[in-house]
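Chains A and B, in that order, give the protein sequences. Just so we're aligned: the first sequence equals residues 1 to 373 in my numbering. Just so we're aligned: the second sequence equals residues 374 to 878 in my numbering. Think of the CB as a built atom: it goes at the ideal place given N, C-alpha and C, for glycine as much as any other residue.
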Amino acid sequence: MIVGRTRIEFEPRLSPNRWLLLAVPVASIFFALIVGGVFLLAAGHSALGTYSSLLSNGYTTFDGATRTIGFATPLICTGLAAAFAFRMNLFNIGGEGQMYLGMIGGAWAGIALADYFPKIVAIPLVLIIGSAAGALWVFVPAILRAKMGTSEIVSTLLLNYVALNLVNYFIFGSRGFFRDKSTSFPQGRSVSSNARFGPFGTTNMYPTVLIAIAMALFLYWFIKRSNYGYETSVLADSPNTARYAGMNATRLTLSVLLISGALAGLGGAMYVVGPAGKIDPGLMQVGFGYAGIVVASLARYNFVAVVITAILFAGLRVGGAALQISSKPVPIAIAVVLQGSVLLFALGGEVFRRNRVHIRRVEPVSTATKVAS
Amino acid sequence: MGSHRASGATPFALSARQVTKRFPGVLANDHVDFDLLVGEVHTLLGENGAGKSTLASVLCGLYKPDEGAVLRNGTQVRLTSPRHGLQNGIAMVHQHFRLVDRFSVAENVVLGHRSLPFFLRTANLESQVAEVAEKYGLPIDPRATVGELSAGQRQRVEIIKALYQGAEILLLDEPTALLAPPEVEKLFETVRAMTATGKSVVFVSHKLGEVVDISDRITVMRDGRVTGSVARGDADTRQLAELMVGRDIDLTRRSARQSSGETLLDLRNVSVARGGVAIISDITLNVRAGEIVGVAGVSGNGQRDLAELVAGLQTPTSGTITVVGVDTANLGTRKVRAAGLAYVPEDRLGTGLAPSLSIVDNLLLTRERGFLVDRAAAQIEAETFISQLEIKTPSALTPTRKLSGGNSQKVLLAREVFSKGDNSKVIVVCSPTRGLDVGAVETVHKLLDEARASGKAVLLISEDLDEVLTLADRILVLYRGAVVHEAHGDTADVEAIGYAMAGLS
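Below you can see the structure in the form of C-alpha cells.
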C-alpha cells in the first residue's frame, strides 16, 4: 500500500507473538471506547460518566453481573454454534434462524410433551427437541454444501428470514397451537411448568447458563481429544490431505453444520426453559444469532473464550439498556455502536497480529518487480 | 553450444548472456546463453526443473537476473517488469492463464493497455480484436465470456492479447500442456502465421516429440545449464533425448538385485478412463518383496493416477489390483492401507501432511484412531523419529509447514514407511526428492534402500530419471498412461529410456 511518499508493507509473522494475543484485543476495546466516546460527546453526554455507569450497570454490581450472565446464556450457544462451524471454514450465518427454530421446537415439546414427564426428563427433552429443530433448519443448506458445494453463507442467511416469518406467523398471524388463546393480545402459549427452570434466587440467571458453560467446556475437550475433532481439523486445514487419509469430507461437512445448527437451536430452547416459557417474539429483537457470529470471531473460535466474550458482550447490552432509564437517558444505540466498533477494531487488529508492519520511504522511481508464486 | 552465433548478419531479436538466477537453495539458471533470431521458432527443451521457465521469465522481465544481461536487438535492456518487457515488444503466455473469467474476450485483450480511454467503445475494440485474431488464424468470438471458454480458446485470448499490445516476441510456456491434439495443431498453425509476419517465438516445452516439427532451433537445458543447441534439420531426436536427460553427470548407480521374494503388489490390465479419455491404459506390473520398481516418465503421463489407483484413492475402470494378496481395486484407501499399503504422495505439504497440524498429529493421520485420539503415544514416537532421522524441528508439536522440505519429507516417510512396523508391506512413493537439497536427497534414498532391505515392496514413481536409475531394480517407463518400456536396473539403456519417455519408441 502506498500513502503519499511512504510505502506501508506487511510482512507475515512466522511465529505468533504471545504478547500481541492480549494486546490486540485490549487495544481494540480501547479504540472502540474512543469511537463510542466521540458519538457520546456528539450527542451531548459525558463519555467517562456514561462508561462508568455502563460498567456498573453491566458488570460490577451484583444485579448488573447476574443480569448480564442471564442475558448471555443464549448468546453463548449461538457463539458456540458459529465457532463450531467457523473452525471448519464453514460460515453458518443462520444461527439466528436456527435459534428461532430451537425456540419453536422447545415450545412445542414444552406444551405437547412436558406434562407427561417429570421435570428431570421434561427439561432435557425440551432442550433436545429444540436442538433437533435447529439442526433440521440447517439441514438443507448443509446437504447442499456437503454434496454440491453450494455456499452455505447465502442459504443459511436466507433461511433466517423464513424462520423470522414463521415465528411471526405463529404468534401474530394465526390463532394456532403456539398462540395463547386466553387473551386477544398476541403472545405465545405458555409451556408446562415441568418444562421450566426457575431463576437462581431473585436474579435473572437460570440454571441453563450452567448447561451452556458445560457445553462449551465439553466441546473444547471433545474437539481437542476426539477423533471427530481431529478429522475436522485435518479437513479444515487441507481437504487434499483429508482425502488422502480416506476421510469422508461430505459426512464431516454435513455433521459439522448440523451440530452448529443444533447448538443455535439449544440457545432458543434455553430461552423457553429459562426466562420466556413460551415463544417470545422479543427474542427476535436482540439478534443473538448475529451477535454469536461476532462473539465467535472475537473469541477466535475458541469455545472457552466464547463464554467469556459472550458475557462481556452481553454486559455492553445490559449496561447499555440500563443507561436508557437513567436521569439523562443515553440511547441503547450507543451500546450497539460500541459492539460494532469493538468488532471492527478487533478484526482490524488481526493485521497487526499476523503481520509485521513496516513503513518505508518510496524511492523516486519504483523498480518493484512482481515475482510469480 | 552457441555455434550459430557466428551467423553475424542476421540480428538477434532477443538474447540472454550468461544469465544466472538463484532461488533459495536452487541455482535455476547457471550462466545461460540464449539467442533468438527474428522470425524464428526457438524451443527451450528440458525436463521439469531444468530452468526453462526461469529463463523465459527473465527474458520477459518477470524476474531480474542475478548475473548476466538480456539483449534486445543487440542492445542491453534492464527489464523491470513484464509491462516493461511488453514495452520492448516481449510478451509471455504463462502456463496458467492470467485472464479475468467474467470479462469478455475483447475486455481481457485490452486490459492493462495503457492508452485506454475512460469509456470503452466496446464495438470498436471488438472489431480490433477480431482483426488481430483473423490475421493470425486465431478464431474466437470477441464477445464471448472468458470463463466459458476451453483451455485452448483461453490460450488464444492470451496470444491475441500479447499481439494486440504490440508483442514482437512471444514466449509460450508449456503451451501444449492443456491442449487436446487438434488444438495443438491449431496452435502450431498460429505460430507459423506469426513467424511469417516477422515475429519470433520462444517455445518452452518438455515434450520432445511435439516440438521437433515446429522448431527452427532447439536449445536443451538441464539442471539450469544449456546442454546443447540444435538447428532444424540437424535435430536428431535421439541426440536431443540424450541432451535432455544428460548422461554427463556421474551416477553412482546402486547394483540392482533380482528379487525372488513374494509378489506383494500386482496390477493386471488396469485401465482408467475419464470422460471417454483413457488416463491409464492397460497397465500390468508387479513388485516383489525386497524390490524397488521405478516408474520413469515425463510429468503428466499418468503418474499421479497410477499412484492413486494403487493407494485406493481412485478406482480402475477395468483390471485388478492386488496388495499382499487382497483384491483392493474397489476397497477405498483406508482398507487398502489396512491390507498393507503405504503411500508417500508427491505433494508433501498439501496432501501427505496437514500443514498447520503438528508433527504428532500428522503421525496419526493414517493410523487407526479410536473415539479419542491418543497423542501421548504418538508424541513419544514422534520424538523417537525426530532423533533417529535427525529431523530438524523445535519440537514434536511444531506445525509441519514450518519444517524444511527435507524435514517434512522425513516426517512423511517416518509415518508411511517406518512407524507401522511390519504392517506396511507395499510402499508407493512419488517424486520423493523433488525440491530437496543434496543432503536430504541422500537421506531419502537411504531410507528407501532400508525399506527395500527390510523386505518391503517399493513402487517408486519419479520424474527424476537419475533417481529411478539410482534406486530401482527394475525400471518401467510411463507414457500417456501406458507402460511403453521395461528394463532391468543394471542393464538399463539410458538412451532407450529417454527415447521412450519422449514417446518415440
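Which residues share a DSSP beta bridge with B:Lys-394? Position 21 of the second sequence holds residue 394 of chain B. Secondary-structure assignment with DSSP links B:Lys-394 through a beta bridge to B:Asn-402.
Per DSSP, cross-strand counterpart(s) of B:Asp-546: Here residue 546 of chain B corresponds to residue number 173 of the second sequence, with the count starting at 1. Answer is B:Val-577.
Closer than 7 Å between beta carbons: that is the criterion. Which residues of the region 222 to 240 of chain A meet it against chain B? Arg-225, Ser-226, Asn-227, Tyr-230, Ser-233, Val-234, Asp-237, Ser-238 and Asn-240
If you scan the region 702 to 780 of chain B from start to end, which runs of the alpha helix (DSSP H) of 4 or more residues do you find wholly inside it? Listed in chain order, they are 706 to 711, 732 to 736 and 748 to 761.
Please determine whether the Cβ atom of B:Leu-432 lies at a distance below 7 Å from any heavy atom of the ligand MN. In the structure on display, the ligand MN does not appear, and there are no ligands present to speak of.
DSSP puts B:Gln-966 in a beta bridge; with which residues? Here chain B has residues from 374 to 878 only, and residue 966 of chain B is not among them.
For the alpha helix (DSSP H) that B:Asp-464 lies in, which residues bound it at each end? Within the second sequence, the letter at position 91 stands for residue 464 of chain B. Residue identity check: residue 464 of chain B is Ala in the sequence provided, not Asp. B:Ala-464 -> not in any alpha helix (DSSP H); beta strand (DSSP E) instead, spanning 463 to 466.
Distance between A:Phe-91 and A:Val-307 (C-alpha atoms, nearest Å): Walking along the first sequence from the start, residue 307 of chain A turns up at place 307. Walking along the first sequence from the start, residue 91 of chain A turns up at place 91. Each residue's Cα considered, the two are about 20 Å apart.
Work out the CA separation of A:Tyr-116 and A:Ala-81 for me, nearest whole Å. Residue numbering aside, residue 81 of chain A sits at position 81 when the first sequence is read from its first letter. Residue numbering aside, residue 116 of chain A sits at position 116 when the first sequence is read from its first letter. Answer to the nearest angstrom: the Cα atoms are 31 Å apart.
Pick helix, strand or coil for A:Pro-218, following the three-state DSSP scheme. Position 218 of the first sequence, counted from the first residue, corresponds to residue 218 of chain A. Contrary to the premise, residue 218 of chain A reads as Phe rather than Pro in this sequence. In the structure shown, A:Phe-218 sits in a helix (DSSP, three-state: H, G or I).
Chain B beta carbons: is any one of them nearer than 8 Å to that of A:Tyr-220? Taking the first sequence and counting its residues from 1, one reaches residue 220 of chain A at position 220. No, A:Tyr-220 lies away from the interface with chain B (no Cβ there is under 8 Å from its Cβ).
Are the CB atoms of B:Gly-458 and B:Gln-391 nearer to each other than 8 Å? Translated into the one-based positions of the second sequence, residue 458 of chain B becomes position 85. Translated into the one-based positions of the second sequence, residue 391 of chain B becomes position 18. Cβ distance not < 8 Å, so B:Gly-458 and B:Gln-391 don't count as in contact.
Kindly indicate if chain B contains any beta-carbon less than 8 Å away from that of A:Ala-83. Walking along the first sequence from the start, residue 83 of chain A turns up at place 83. Not an interface residue.
Excluding five sequence neighbours on each side, which residues of the same chain lie with their C-beta closer than 7 Å to the C-beta of B:Ser-781? On the second sequence, residue 781 of chain B is found 408 positions in, with the first residue counted as 1. Hits under 7 Å: Arg-721, Leu-722, Leu-726 and Thr-773.
Compare the C-alpha of A:Gly-274 against each of A:Leu-316, A:Arg-251, A:Tyr-100 and A:Gly-198 and name the closest. Reading the first sequence from its first residue, position 274 is the one you call residue 274 of chain A. Ranking A:Leu-316, A:Arg-251, A:Tyr-100 and A:Gly-198 by Cα distance to A:Gly-274 puts A:Gly-198 first.
For A:Tyr-244 and chain B, any beta-carbon pair shorter than 8 Å? As a first step, residue 244 of chain A is located in the first sequence; it is residue number 244 there, counting from the start. Chain B places a beta carbon closer than 8 Å to that of A:Tyr-244, counting this residue as a contact.
Looking only at its own chain, which residues have a Cβ that is under 6 Å from the Cβ of B:Val-856, when we skip the five neighbours before and after it? For this step, residue 856 of chain B is matched to residue 483 along the second sequence. In chain order, Ile-656 and Leu-849 place their CB closer than 6 Å to the CB of B:Val-856, counting only its own chain and leaving out the 5 sequence neighbours on each side.
Which residue wins for smallest C-alpha separation from B:Gln-528, given the options B:Thr-518, B:Thr-549, B:Gln-538 and B:Glu-541? Stepping through the second sequence from its first residue, residue 528 of chain B is reached at position 155. Here the closest residue by C-alpha is B:Thr-549.
Can you give the beta carbon distance from A:Gly-105 to A:Ala-269, rounded, assuming they're within the 8 Å contact cut? One-based indexing of the first sequence puts residue 105 of chain A at position 105. One-based indexing of the first sequence puts residue 269 of chain A at position 269. Their Cβ separation, rounded to whole angstroms, is 7 Å, which keeps A:Gly-105 and A:Ala-269 in contact under 8 Å.
Which residue wins for smallest C-alpha separation from B:Ala-496, given the options B:Glu-547, B:Val-645, B:Gly-571 and B:Ala-479? Position 123 of the second sequence, counting from 1, holds the residue named residue 496 of chain B. Of the listed residues, the one whose Cα sits closest to B:Ala-496 is B:Ala-479.
Could you confirm whether any beta carbon from chain B is found closer than 8 Å to the beta carbon of A:Leu-343? Residue mapping note: residue 343 of chain A aligns to position 343 of the first sequence, counting from 1. Not closer than 8 Å to any Cβ of chain B, the Cβ of A:Leu-343 fails to qualify, so no.
Beta-carbon proximity of B:Ala-830 to B:Val-799, cut-off 8 Å: By one-based count along the second sequence, residue 830 of chain B stands at place 457. By one-based count along the second sequence, residue 799 of chain B stands at place 426. Closer than 8 Å, so yes.
I need the straight-line Cα distance from A:Val-392 to A:Ala-314, nearest angstrom please. As displayed, chain A neither begins before 1 nor continues past 373, which places residue 392 of chain A out of reach and without an answer.
Kindly list the residues whose CB is nearer than 6 Å to the CB of B:Val-482, restricted to its own chain and excluding five residues on each side of it in sequence; keep chain order. Here the question's residue 482 of chain B lines up with position 109 in the second sequence. Around B:Val-482: Val-502, Ile-533, Lys-534 and Tyr-537.
Out of curiosity, what's the CA-to-CA distance linking B:Asp-586 and B:Val-557? Here residue 586 of chain B refers to the residue found at position 213 when the second sequence is read from its first residue. Here residue 557 of chain B refers to the residue found at position 184 when the second sequence is read from its first residue. Looking at the two C-alpha atoms, the distance is approximately 12 Å.
When you compare the CB of B:Thr-393 with every CB in chain A, is at least one pair closer than 8 Å? Translated into positions along the second sequence, residue 393 of chain B becomes position 20. No, because no Cβ of chain A sits closer than 8 Å to the Cβ of B:Thr-393.
Does chain A have any CB closer than 8 Å to the CB of B:Leu-387? Numbered from its first residue, the second sequence carries residue 387 of chain B at position 14. Chain A contact via Cβ: absent.
For B:Ser-654 versus B:Gly-854, is the C-beta distance shorter than 8 Å? In the second sequence, residue 654 of chain B corresponds to position 281, counting from 1. In the second sequence, residue 854 of chain B corresponds to position 481, counting from 1. Their beta carbons are under 8 Å apart, which means B:Ser-654 touches B:Gly-854 by this criterion.
Could you tell me the distance, in whole angstroms, from the CA atom of B:Leu-637 to the CA atom of A:Asn-240? Here residue 637 of chain B refers to the residue found at position 264 when the second sequence is read from its first residue. Here residue 240 of chain A refers to the residue found at position 240 when the first sequence is read from its first residue. One C-alpha to the other measures close to 27 Å.
Where does B:Ile-622 sit, in a helix, a strand or coil, going by DSSP? Residue numbering aside, residue 622 of chain B sits at position 249 when the second sequence is read from its first letter. Confidence is the limiting factor: at B:Ile-622 the pLDDT is only 40, short of 50, which leaves the residue's position unreliable and the question unanswerable from this model.
Near B:Glu-583, what residues of its chain come up, given a Cβ to Cβ distance below 8 Å and the 5 sequence neighbours on each side ignored? Residue 583 of chain B sits at position 210 when you count from the first residue of the second sequence. So the list reads Thr-549 and Val-557, once near-sequence residues are dropped.
Quick check: A:Lys-119 and A:Arg-189, are their CB atoms within less than 8 Å of each other? Numbered from 1 along the first sequence, position 119 holds the residue referred to as residue 119 of chain A. Numbered from 1 along the first sequence, position 189 holds the residue referred to as residue 189 of chain A. The answer is no: Cβ separation not under 8 Å.
On the CB-based measure, 16 or more other CB atoms within 10 Å of its CB, does A:Lys-147 come out buried or exposed? Taking the first sequence and counting its residues from 1, one reaches residue 147 of chain A at position 147. Answer is exposed; the Cβ neighbour count stays below 16.
My output table needs one value for A:Asn-89: the three-state DSSP class, helix, strand or coil. Walking along the first sequence from the start, residue 89 of chain A turns up at place 89. A:Asn-89: coil per DSSP, three-state reduction.
Pick from B:Asp-439, B:Gly-634 and B:Val-733: whose alpha carbon is nearest that of B:Ile-764? Stepping through the second sequence from its first residue, residue 764 of chain B is reached at position 391. Per the Cα distances, B:Val-733.
B:Lys-783: which of B:Ser-804, B:Ala-813 and B:Glu-756 sits nearest, CA to CA? Within the second sequence, residue 783 of chain B is the residue found at index 410, counting from 1. Comparing Cα-Cα distances from B:Lys-783 to each of B:Ser-804, B:Ala-813 and B:Glu-756, the minimum goes to B:Ala-813.
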